[in-house]
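Participant: Note that UniProt numbering has the sequence shown beginning at 1, numbered continuously upward.
Ideal Cβ placement from N, Cα and C applies to all residues, glycine included.
Bear in mind that the values here come from a model prediction, so they are computed numbers and not experimental data.
Pasting a structure below so you can have a look.
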Amino acid sequence: MTKKVALVTGGTGGIGTQICRTLSTAGYIVVANWLKGIDDGPAWEAKQKADGYDNILIAEGDVSDYDQAVAMVKEAVEKAGAPIDILVNNAGITRDKMFRKMEKSQWDAVINSNLSSIFNVTKQVLDGMVERGWGRIVNISSVNGQKGQAGQANYSAAKAGMHGFTMAIAQEVASKGVTVNTISPGYIGTAMVMSIKEEIRNQIVAQIPVGRLGKPEEIAWTVQFLADEKSAFITGANISVNGGLHMG
Ligand code: CAA
Numbered sequence: 001m002t003k004k005v006a007l008v009t010g011g012t013g014g015i016g017t018q019i020c021r022t023l024s025t026a027g028y029i030v031v032a033n034w035l036k037g038i039d040d041g042p043a044w045e046a047k048q049k050a051d052g053y054d055n056i057l058i059a060e061g062d063v064s065d066y067d068q069a070v071a072m073v074k075e076a077v078e079k080a081g082a083p084i085d086i087l088v089n090n091a092g093i094t095r096d097k098m099f100r101k102m103e104k105s106q107w108d109a110v111i112n113s114n115l116s117s118i119f120n121v122t123k124q125v126l127d128g129m130v131e132r133g134w135g136r137i138v139n140i141s142s143v144n145g146q147k148g149q150a151g152q153a154n155y156s157a158a159k160a161g162m163h164g165f166t167m168a169i170a171q172e173v174a175s176k177g178v179t180v181n182t183i184s185p186g187y188i189g190t191a192m193v194m195s196i197k198e199e200i201r202n203q204i205v206a207q208i209p210v211g212r213l214g215k216p217e218e219i220a221w222t223v224q225f226l227a228d229e230k231s232a233f234i235t236g237a238n239i240s241v242n243g244g245l246h247m248g
């Protein structure tokens with residue numbers, strides 16, 4: 001059987017790197033999207049190879065920009081030598097600020113990077129999935145899209161919007177062998193979360209029933225589960241992976 005190809009946006013980041021590694025171990029050809037000025041793609045790729053992950057390629061581009069998303073997916077398909085079967089919309093940023101102090105630029109940056117990006121990239125791969133009769137779209141949202149978070153009007157809005165997108169597209173392609181799902185991680189021990197002021201972060205961790213931050217592996221495992229052949233009946237779902245921080 002030919003190997004399926006997975007594209008992970010923001011693939012060189014904290015959660016993204018682990019998603020790439022986990023899918024690589026599961027036998028997929030993986031392409032990690034990366035962004036110049038934020039990460040060093042070639043160095044990251046070399047590190048994955050050195051650590052024994054041979055199936056991971058890279059494709060550069062800012063997914064908040066439509067034209068760059070087009071070029072990035074083209075690069076991914078050329079390098080993989082096959083079309084994208086699994087898309088993980090994982091790229092995301094924070095620009096936390098209480099709303100009364102939030103600048104328009106901070107609103108726009110987060111909406112464009114976290115929400116418009118999923119239009120830009122999904123648009124490039126969905127037709128092909130439908131034509132081939134198989135596909136998986138996994139949107140990485142956040143607990144804060146479910147419950148809201150003070151200081152994150154931009155991020156909470158974008159992340160809630162992701163799941164609206166999931167449910168709409170899931171209905172459009174359900175009969176075509178393509179599933180579309182959301183994963184809503186809680187607070188995971190990545191640089192994004194570690195950059196929250198320690199005092200505030202400690203208050204947040206104290207509210208997590210499991211009593212700790214999540215691990216990137218725990219999100220990556222959920223992606224692997226949804227990508228699996230056997231998960232064909234799960235679509236339009238929003239899977240919480242948050243240590244009990246928000247239920248419902
Ligand atoms: N609810 C209500 N009010 C709050 C509050 C809360 N949770 N936290 C702070 N405030 C209030 C304070 O009491 C203070 O009020 P007064 O001005 O009346 O005294 C005011 O807000 C402080 O406002 P400032 O603008 O001065 O706040 P700041 O500069 O100290 O910090 C912030 C603002 C950067 C948003 C900070 O509160 C913060 O980092 N909060 C955490 C945000 C968060 O959880 N981000 C998640 C990042 S990780 C991620 O996003 C991954 C994921 O998916 C989970």
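Rounded to whole angstroms, what's the CA-CA distance from A46 to A91? Just pull it up for me.
Facilitator: The alpha-carbon atoms of A46 and A91 are separated by roughly 21 Å.
Participant: Does M72 pass the burial test, meaning 16 or more other C-beta atoms within 10 Å, or should it be called exposed?
Facilitator: M72 is buried by the Cβ-count criterion.
Participant: Go ahead and label P209 buried or exposed: buried means 16 or more other beta carbons lie within 10 angstroms of its beta carbon, across all protein chains shown.
Facilitator: Exposed, since its Cβ has fewer than 16 Cβ neighbours within 10 Å.
Participant: Inspect the beta-carbon positions of S141 and T190 and report whether they are closer than 8 Å.
Facilitator: Not a contact, by the Cβ cut-off of 8 Å.
Participant: With C-beta atoms as the reference, is V110 less than 8 Å away from R100?
Facilitator: No, these two residues do not count as a Cβ contact at 8 Å.
Participant: So does I196 have its beta carbon nearer than 7 Å to some heavy atom of ligand 1?
Facilitator: For ligand 1, at least one heavy atom lies less than 7 Å from the Cβ of I196.
Participant: The beta strand (DSSP E) with T179 in it runs from where to where?
Facilitator: Note, T179: beta strand (DSSP E), V178 to P185.
Participant: Pull up the distance between the alpha-carbon of G52 and that of T22, whole angstroms please.
Facilitator: Cα to Cα, G52 sits roughly 12 Å from T22.
Participant: The alpha helix (DSSP H) spanning W189 covers which residue range?
Facilitator: Just to set this straight, residue 189 is Gly in the shown sequence, not Trp. Looking at the DSSP string, G189 is not in any alpha helix (DSSP H), and its letter there is neither H nor E.
Participant: Could you pull the start and end residues of the alpha helix (DSSP H) that W134 belongs to?
Facilitator: Counting along the chain, W134 falls outside any alpha helix (DSSP H), and DSSP gives it neither H nor E.
Participant: Hey, is K215 close to ligand 1, as in C-beta under 7 Å from one of its heavy atoms?
Facilitator: False, no ligand heavy atom lies under 7 Å from that Cβ.
Participant: Just to confirm, does G161 get its C-beta within under 7 Å of one of the non-hydrogen atoms of ligand 1?
Facilitator: Result no, Cβ not under 7 Å from ligand 1.
Participant: For T166, which option in S113, S105, F119 and K176 has the closest C-alpha, if you only look at C-alpha atoms?
Facilitator: Nearest C-alpha to T166: F119.
Participant: Consult DSSP for I111 and reduce its assignment to one of helix, strand or coil.
Facilitator: In this structure, I111 counts as helix in the three-state DSSP scheme.
Participant: Have a look at G151, N139 and V178 and flag the residue whose alpha-carbon is nearest the alpha-carbon of E103.
Facilitator: For the residues G151, N139 and V178, the minimum Cα distance to E103 belongs to G151.
Participant: Under the criterion of a Cβ to heavy atom distance below 7 Å, does S175 qualify as lining ligand 1?
Facilitator: Incorrect: S175 has no Cβ contact closer than 7 Å to ligand 1.
Participant: Around the Cβ of P185, are there at least 16 other Cβ atoms within 10 angstroms (buried) or fewer (exposed)?
Facilitator: Result: buried.
Participant: Between the Cα of W33 and those of L57, A50 and I15, spot the shortest distance and give me the residue it belongs to.
Facilitator: One point to set straight first is that residue 33 is Asn, not Trp, in the sequence displayed. Nearest C-alpha to N33: L57.
Participant: Assuming contact is defined by CB atoms lying nearer than 8 Å, are V138 and S240 in contact in what I supplied?
Facilitator: No.
Participant: List the DSSP bridge partners of I140.
Facilitator: Answer by DSSP bridge pairing, in chain order: I183.
Participant: What distance in whole Å lies between the Cβ atoms of V88 and A59, which are believed to be in contact at a cut-off of 8 Å?
Facilitator: About 13 Å; that fails the 8 Å criterion.
Participant: I'd like to check one pair, I93 with L7: are the Cβ atoms closer than 8 Å?
Facilitator: No; because the gap between Cβ atoms is not below 8 Å, this pair is not in contact.
Participant: Counting pairs of Cβ atoms below 8 Å between the region 121-137 and the region 164-180, do you hit three or more?
Facilitator: The region 121-137 is in contact with the region 164-180.
Participant: One question on the structure: do G244 and R212 come within less than 8 Å of each other, judged by their Cβ atoms?
Facilitator: Result no, Cβ atoms of G244 and R212 do not sit closer than 8 Å.
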